[in-house]
Structure formats: C-alpha cells, structure tokens
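I have placed the structure first, in the form of structure tokens, so that the comments after it can refer back to it.
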Amino acid sequence: MPITDLIPGKPKKIEVGGKDICVARIGDEVFAIGDVCTHSEASLSEGDISDYKIECWLHGAEFDLRDGKSLTPPATEDAEVFAVTRDGDTVTISLNS
582 MPITDLIPGK PKKIEVGGKD ICVARIGDEV FAIGDVCTHS EASLSEGDIS DYKIECWLHG
642 AEFDLRDGKS LTPPATEDAE VFAVTRDGDT VTISLNS
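Residues in the sequence shown are numbered from 582 upward in steps of one, following the working numbering.
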C-alpha cells in the first residue's frame, strides 16, 4: 500500500491473508499489530494513538505499537505483531513477524 494511504496518528484496519491488522503511521514509521484487542473483541483500529501506544476504545487497554506489549489493564495478553517493510513510498505488511 502507498504510505500516503496512512494518515499519521490515525489507525487503519486492513486484511492480510484473512487476518485483520491494525496499521498505524507515526511520522515516517509504520507499525502493524493484530486489530482485535486481546481483552475483548473490539477493533483496535477504532482506538486512539498517543506516542507509540494505541488505546482500545471499548475498555481503555493500551498496547505498544512497536512490540504489541499490553501496557494497561484490563488487557493482560500482548497483541500479535506483524513485520512491516518499506520500499520508498510503498509499505508491505507480512504475516511473518
């Protein structure tokens, strides 16, 4: 996907290989984690980004976009992380993390 499809600070849900993935652009960096909150069935791409964290809109659990780590309750499990490669203005998300 072109990096211009990603608005800095606004998460976007995409599907890769049948998996829903939350993609987030922070400056020139792009991160990809599993879109479903590990605490509930809420979509993380509907949450808010601050610094390198995304907050689930449903119960407020936060995850680090860089490594998927669960940062705040009620989530206790980390989110899945996906590899992101960039070639010029093209961003590719791989299911192999």
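For each residue, glycine too, the CB sits at the ideal point set by N, CA and C.
In this text, all values refer to a predicted model and were calculated from it rather than measured experimentally.
Can you find the residues in the same chain that come closer than 8 Å, C-beta to C-beta, to D645, ignoring five residues on each side of it along the sequence?
The count along the sequence shown starts at 1 and reaches residue 645 at position 64. Y633, K634, L652, listed in sequence order.
Which first and last residues belong to the beta strand (DSSP E) in which K594 is found?
Here residue 594 refers to the residue found at position 13 when the sequence shown is read from its first residue. 593-597 is the extent of the beta strand (DSSP E) around K594.
Between the Cα of E627 and the Cα atoms of G649, W638, T673, which residue gives the shortest distance?
Taking the first residue of the sequence shown as position 1, residue 627 is located at position 46. The residue with the shortest Cα to Cα distance from E627 is W638.
In three-state DSSP terms, what is E636?
Here the question's residue 636 lines up with position 55 in the sequence shown. Of the three classes helix, strand and coil, the one that applies to E636 here is strand, per DSSP.
Following the continuous beta strand (DSSP E) through I607, name the residue where it begins and the one where it ends.
Stepping through the sequence shown from its first residue, residue 607 is reached at position 26. That run of the beta strand (DSSP E) goes 600-607.
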